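In my numbering, each residue's number is its place in the sequence shown (first place is 1) plus 4.
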Amino acid sequence: MDGFLLFVLFAAVLLLAAYLLWRYWADLTVATPEEERFEERIAALNERQAHRYSDEELAAPVTEEDAWRTMVERGRRAARRERSTGDLMRRRARKRLAEQTPRLLPERRITTSSTDEE
């Protein structure tokens, strides 16, 4: 009889430990709706990044000449964008200045003090 009670006690402790571990794991794995939306956004971003290049582009190693050409093209695009933006800003500023009416200072009355009159 003592062996049977010891077995039942051991089984109960084992079941309790399993239940507590299950509850702990369930609490860790439950995600809030915000966390789920965040995970979905990250997965979509990863998906877009994964399909940015074709398989042929990924499989073919880039030569130094291709890398140099790409770098030069990107530099030209950036310089062109900067130059066009600067030109546009200058043209807008000139147009704005031309459209403005000249600002005149308000008329000031010159007052003479009584000491000046004497």
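For every residue, glycine included, the Cβ atom is placed at its ideal position computed from N, Cα and C.
Keep in mind it's a predicted model, so treat the numbers as computed, not measured.
With the cut-off set at 9 Å, would you say residue i and residue j are in Cβ contact?
i	j	result
glutamate 43	alanine 30	no
When we look at the beta-carbon of residue i and count the other beta-carbons within 10 Å, is it buried (16 or more) or exposed?
i	result
glutamate 122	Any reading at glutamate 122 is ruled out, since the residue's pLDDT is 47, under 50, leaving its predicted position unreliable.
Scan the stretch 19-101 and note each continuous alpha helix (DSSP H) run of 4 residues or more that stays entirely inside, going in chain order.
37-54, 59-63
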